[in-house]
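Protein chains: 2
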Amino acid sequence: MRVLFTFNIKEDQLRSLEMGFPNTEFSFTKNIEDVPLDSYEIIVTYGEDITPSVLDRAPSLKWIMVASAGVEKMPLDVIAEKGIIVSNVRGIHKTPMAESVLAHILSLGRALPTLREQQERKEWNMKVKQTELRGSTALILGPGAIGSEIGRLLNAFGVYTIGCNSSGDRAQFMDETIPFDQLKEVLPKADIVISILPSTQETKGMLDDSYFKLMKNTALFMNFGRGDLVKESTLVHALKHGEIGHAVLDVFEKEPLPAESELWELGNITISPHVSSHSGKYVERAMEFFTENLSKWQQNDRELLNLINLKKGY
Amino acid sequence: MRVLFTFNIKEDQLRSLEMGFPNTEFSFTKNIEDVPLDSYEIIVTYGEDITPSVLDRAPSLKWIMVASAGVEKMPLDVIAEKGIIVSNVRGIHKTPMAESVLAHILSLGRALPTLREQQERKEWNMKVKQTELRGSTALILGPGAIGSEIGRLLNAFGVYTIGCNSSGDRAQFMDETIPFDQLKEVLPKADIVISILPSTQETKGMLDDSYFKLMKNTALFMNFGRGDLVKESTLVHALKHGEIGHAVLDVFEKEPLPAESELWELGNITISPHVSSHSGKYVERAMEFFTENLSKWQQNDRELLNLINLKKGY
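As given, the protein sequences belong to chains A and B, one line each in that order. Okay, so the first sequence: first residue is 640 according to this note's numbering, each after it adds one. Okay, so the second sequence: first residue is 640 according to this note's numbering, each after it adds one.
(1) Identify the contact partners of THR770/B in chain A, using a Cβ-Cβ distance below 7 Å as the criterion.
(2) Show which residues of chain B have a CB atom less than 9 Å away from the CB atom of ARG773/A.
(3) For THR911/B and chain A, any beta-carbon pair shorter than 8 Å?
(4) Please state whether DSSP places HIS885/A in a helix, a strand or coil.
(5) Taking Cβ positions, are CYS874/A and ALA858/A nearer each other than 8 Å?
(6) From the beta carbon of PHE796/B, is the nearest beta carbon of chain A less than 8 Å away?
(7) Is there a Cβ from chain B that is less than 8 Å from the Cβ of VAL767/A?
(8) Using 8 Å as the limit for Cβ to Cβ distance, is GLN811/B near chain A?
(9) State the start and end residues of the unbroken alpha helix (DSSP H) segment that holds ALA795/A.
(10) Just grab the DSSP bridge partners of ALA777/A for me.
(11) Are there three or more Cβ pairs, one per stretch, closer than 8 Å when the region 745 to 760 of chain A is compared with the region 731 to 749 of chain B?
(12) What whole-angstrom Cβ distance do GLU622/A and LYS920/B have, given they're in contact under 8 Å?
(13) Here's a check: name, in chain order, each residue in its chain whose Cβ is nearer than 7 Å to the Cβ of ASP814/A, leaving out the five neighbours to either side.
(14) Taking the straight line between their C-alpha atoms, what separation do you get for ILE724/A and PHE665/A?
(15) Go through its chain and collect everything with a Cβ distance to LYS843/B's Cβ below 6 Å, but skip five positions before and after it.
(16) Between GLN811/A and the rest of its own chain, which residues show a CB-CB distance below 8 Å, the 5 nearest in sequence each way excluded?
(17) Between the Cα of MET845/A and those of LEU822/A, VAL728/A, MET640/A, LEU949/A, spot the shortest distance and give me the residue it belongs to.
(18) Our contact map puts VAL683/A next to ALA706/A with C-beta atoms below 8 Å; I'd like the distance itself, whole angstroms only.
(19) Using the rule of at least 16 other Cβ atoms within 10 Å of the residue's Cβ for burial, across every protein chain shown, is GLU764/B buried or exposed?
(20) Could you round the C-beta distance between MET704/A and ASN939/A to whole angstroms and report it? I think they count as a contact, below 8 Å.
(21) If distances are taken between C-alpha atoms only, which option among ALA697/B, GLU687/B, LEU780/B, ILE910/B comes closest to THR816/B?
(22) Buried or exposed: which applies to THR839/B, given that a residue is buried once 16 or more other Cβ atoms fall within 10 Å of its Cβ?
(23) With a threshold of 8 Å between beta carbons, is VAL914/A in contact with chain B?
(24) Report, in whole angstroms, the separation of the C-beta atoms of GLY884/A and ASN856/A, which I expect to be a contact under 8 Å.
(25) Quick one, which of VAL914/A, TRP903/A, SER692/A, SER900/A has its alpha-carbon nearest ARG865/A's?
(26) How many Å lie between LEU878/A and GLN769/A at the Cα?
(27) Report the neighbours of GLY748/A on chain B: residues whose CB is nearer than 8 Å to its CB, in chain order.
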């Protein structure tokens with residue numbers, strides 16, 4: 640069996656693939672246009688190089704393993720016609736993102752930025768305002784793979800978790816789950832509001848001024864989903880007028896955040912340049928998904944992890 | 640039944656005591672020397688005001704509830720002679736301390752200090768070195784109430800926990816536990832070394848240069864126990880010569896840390912002015928311990944929570 644990778648992996652990662660699958664030949668190219676594709680049953684790719692002409696040149700292709708979360712750039716209809724299946728690495732970002740979210744929450748609660756300022760001034764001052772996370776309430780907008788992982792960790796800290804999604808169907812590690820149309824009722828209860836929502840027609844601009852007015856004055860608002868969930872002007876207003884206590888933003892309406900943005904100037908904001916999902920372990924994780932699926936594949940089990948529904952596109 | 644508090648509690652805390660224990664009279668004084676003590680069966684105190692003469696003036700006293708962790712300043716021999724029992728609030732610090740420890744670990748791993756510096760310069764830079772906590776190994780020196788709570792949370796993050804105590808007896812939420820005399824064997828495995836050890840003859844100066852030489856060059860060393868565990872000169876040497884990666888210190892050989900200490904000058908250190916246990920919820924927590932014990936007491940159950948062994952002193 641022959642497998643083509645269109646990105647490189649580390650020596651030791653290749654060695655463990657070869658040890659685990661001795662009857663399989665692994666080839667690598669950085670440019671799929673340069674190589675003949677006739678003999679490959681499986682292609683492992685970040686997804687952007689799969690075009691209809693590539694598919695025409697790959698008559699043996701049966702499975703495309705996409706080492707990223709989105710497949711929106713792939714010709715899914717052509718792939719479906721040819722009977723090829725596609726799997727991705729959905730959830731690969733959940734560990735680094737959940738660790739980032741918890742890092743920010745705990746760092747603010749335990750006053751780490753203040754301690755750091757004091758340290759810079761060589762100041763020993765024990766009168767630092769700190770709070771406990773235990774016993775607080777978090778509202779998680781978009782409790783999918785990442786949101787549930789955040790919920791799992793918050794639960795371990797004794798936080799009550801309320802998930803909010805379009806259906807209101809119960810989500811994992813949420814003490815309760817509500818639909819979007821009940822969001823305004825629960826906002827006043829939340830000490831922390833975290834969005835990991837994707838950008839869809841429903842979520843674009845969803846959080847307008849009226850939502851921030853309902854939040855606690857002390858609330859921590861975190862956007863780790865997509866920047867178009869809330870207008871920058873809405874955030875600036877809420878933060879300037881103390882409608883909420885603090886914001887941690889990893890995503891912005893416009894990225895990179897322009898130097899002239901008012902957000903940079905505010906005292907009650909933490910700006911993270913869309914790095915919460917970054918991790919030195921990305922390829923390692925992707926290989927774990929691939930290895931598990933390749934084992935299934937070789938046992939003729941076609942119920943792969945993270946199979947994409949080619950009609951729905953996710 | 641009459642109970643004397645030698646510190647004040649909040650109105651609502653008093654009200655809920657009175658609601659829960661309608662047949663009990665609660666009195667309050669800030670100076671135990673000022674009041675007659677004949678009729679009190681129970682005294683609730685921070686512990687420093689209990690002297691032999693106080694005990695002589697309190698013939699009805701049967702139980703002293705100490706709303707702090709240490710009882711080393713109390714005349715335990717006299718208390719034992721009179722058949723009085725003592726309970727404390729052991730473990731009351733575990734929530735804020737464990738949250739502080741996790742806050743520091745996650746904040747460093749997810750590069751929050753670097754993000755903050757970039758924010759101050761209005762710099763959008765996505766090339767930030769971040770690591771994942773999941774899959775790492777933590778060594779916990781002193782896995783008691785606080786250390787186990789830290790272990791519980793680290794386990795939730797997928798961290799392998801090694802506890803280290805004098806007996807080597809298995810401690811809660813530790814994947815393994817080793818005795819002090821095997822510490823040097825496991826030090827090279829640890830990504831994080833956290834001490835919550837108390838100050839005893841055995842621990843004083845325990846971590847000398849040779850221990851730091853065995854740690855990973857990237858190791859994070861955290862002292863949240865007592866400052867005399869390691870000499871300041873040892874720490875300065877280890878940090879300056881890159882024997883470890885970073886230190887987070889909440890306790891110091893000399894507190895407050897003197898302005899002339901070299902520690903202030905180092906780039907790979909976080910200085911916390913002995914505040915990791917602080918919490919706005921202290922009295923609330925102490926009242927939870929007291930309420931549970933008072934219920935037992937009134938049902939003639941003398942197996943109180945956190946009873947002190949008056950001979951051992953803890």
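Each residue gets a CB set at the ideal place from its N, CA and C atoms; glycine is no exception.
Considering the structure as presented:
(1) For THR770/B, the C-beta contacts it makes with chain A under 7 Å involve GLY919, in order along the chain.
(2) Within chain B, the residues near ARG773/A are THR734, PRO735, GLU738, LYS920.
(3) In the sequence as presented, Thr is not what sits at residue 911/B; that position holds Ser. Chain A has a Cβ within less than 8 Å of the Cβ of SER911/B.
(4) DSSP, reduced to helix, strand and coil, places HIS885/A within a strand of the structure shown.
(5) Looking at the sequence shown, residue 874/A is not Cys but Leu. No. Outside cutoff.
(6) For PHE796/B, the answer is yes, since a Cβ of chain A falls inside 8 Å of its Cβ.
(7) Closer than 8 Å: yes.
(8) Using a Cβ-Cβ cut-off of 8 Å, GLN811/B does not count as an interface residue toward chain A, since no Cβ of chain A sits closer than that to its own.
(9) For ALA795/A, the enclosing alpha helix (DSSP H) starts and ends at 784 to 795.
(10) For ALA777/A, the beta-bridge partners assigned by DSSP are THR800/A, ILE831/A.
(11) Short answer: they touch.
(12) For chain A, the structure presents residues 640 to 953; residue 622/A sits outside this window and is missing.
(13) Exclusion of the five residues before and after ASP814/A leaves TYR799, THR800, ILE801 as the residues of its chain whose Cβ lies within less than 7 Å of its Cβ.
(14) Each residue's Cα considered, the two are about 19 Å apart.
(15) ASP867.
(16) Excluding sequence positions up to five before and after GLN811/A, its CB lies within less than 8 Å of the CB of PRO782, SER787, GLY790, ARG791, all in the same chain and listed in chain order.
(17) Selected option, being the one with the closest Cα: LEU822/A.
(18) Taking C-beta atoms under 8 Å as the contact rule, VAL683/A and ALA706/A qualify, at a distance of about 6 Å.
(19) At residue 764/B the sequence reads Asn, which differs from the Glu that was named. Exposed, since its Cβ has fewer than 16 Cβ neighbours within 10 Å.
(20) Not really, about 17 Å apart at Cβ, beyond 8 Å.
(21) It is LEU780/B.
(22) Looking at its Cβ environment, which holds fewer than 16 other Cβ atoms inside 10 Å, THR839/B is exposed.
(23) At least one chain B Cβ lies under 8 Å of VAL914/A.
(24) The Cβ separation is near 6 Å, so the contact holds.
(25) Closest by alpha carbon: VAL914/A.
(26) Spanning the alpha carbons of LEU878/A and GLN769/A requires a straight line of approximately 20 Å.
(27) GLU738, ALA742, listed in chain order.
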